[in-house]
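A.B. asks: Numbering (my numbering), first residue to last: 1 to 172.
Think of the CB as a built atom: it goes at the ideal place given N, C-alpha and C, for glycine as much as any other residue.
Note that the coordinates shown come from a computational prediction; the quantities given were computed from them, not determined experimentally.
Okay, handing you the structure first.
Below is the structure:
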């Protein structure tokens, strides 16, 4: 049963504007690489301009669940209905796809069609979906991800052509 979230309160927290909203969507388990997501978020813990949120149910590993659900560097939003995830996606600036592997990365295509910048971990086959620097970014190291998020937070307009190409590719 999906966790019910107060969507109006959530929209106050995740609304496109001056701060940069970074999200990850998926069950908390090892292959989604929540430790990588948290490590990237830690780089911005003193920043009021970048916020991180994880959307999705808890997995079977209690220690990984605790790392995300009780983190002080990111917000755990829990499991949501599909239409609510889409709403949050439209308000987010960046999808940080921290996964170690993906079979069919539907959340990536949702992000593309929502004008949400995609930064993906480098997993086998991701380059079939993302051309680095053209319609998103593929990164192996958290420092490089931090650099892209930092650049985005300072000048979102520089990235409009990338999100526009991603949207055009996803909707054509």
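(1) With burial defined as no fewer than 16 other Cβ atoms inside 10 Å of the residue's Cβ, what is the status of residue 82: buried or exposed?
(2) Quick check on the DSSP output: the beta strand (DSSP E) that includes residue 76 runs from which residue to which?
(3) Under the three-state reduction of DSSP, which class applies to residue 194: helix, strand or coil?
(4) Using only alpha-carbon positions, find the residue among 124, 61, 111 and 74 that is nearest to residue 103.
(5) Provide the residue span of the beta strand (DSSP E) that contains residue 139, from first to last.
(6) Assign residue 71 to one of three DSSP states: helix, strand, or coil.
(7) Which of helix, strand or coil does DSSP assign to residue 119?
(8) Can you round the beta-carbon distance between residue 163 and residue 117 to whole angstroms, since I take them to be within the 8 Å contact cut?
(9) Candidates 100, 72 and 58: which alpha carbon is nearest residue 80's?
(10) Over the uninterrupted beta strand (DSSP E) stretch that includes residue 53, give me the two end residues.
C.D. replies: If we stick to the structure as given:
(1) With fewer than 16 Cβ atoms within 10 Å of its Cβ, residue 82 is classed as exposed.
(2) Its beta strand (DSSP E) spans residues 75-78.
(3) Here the chain covers residues 1 to 172 and nothing more, so residue 194 does not appear.
(4) Nearest option by C-alpha distance: 124.
(5) Unbroken beta strand (DSSP E) run through residue 139: 137-139.
(6) When DSSP states are grouped into helix, strand and coil, residue 71 belongs to the coil group.
(7) If DSSP states are grouped into helix, strand and coil, residue 119 belongs with the strands.
(8) A Cβ-Cβ distance of about 5 Å is found for the pair residue 163 and residue 117, placing them in contact under the 8 Å criterion.
(9) Among 100, 72 and 58, the Cα nearest to that of residue 80 belongs to 58.
(10) Residue 53 -> beta strand (DSSP E) spans 50-55.
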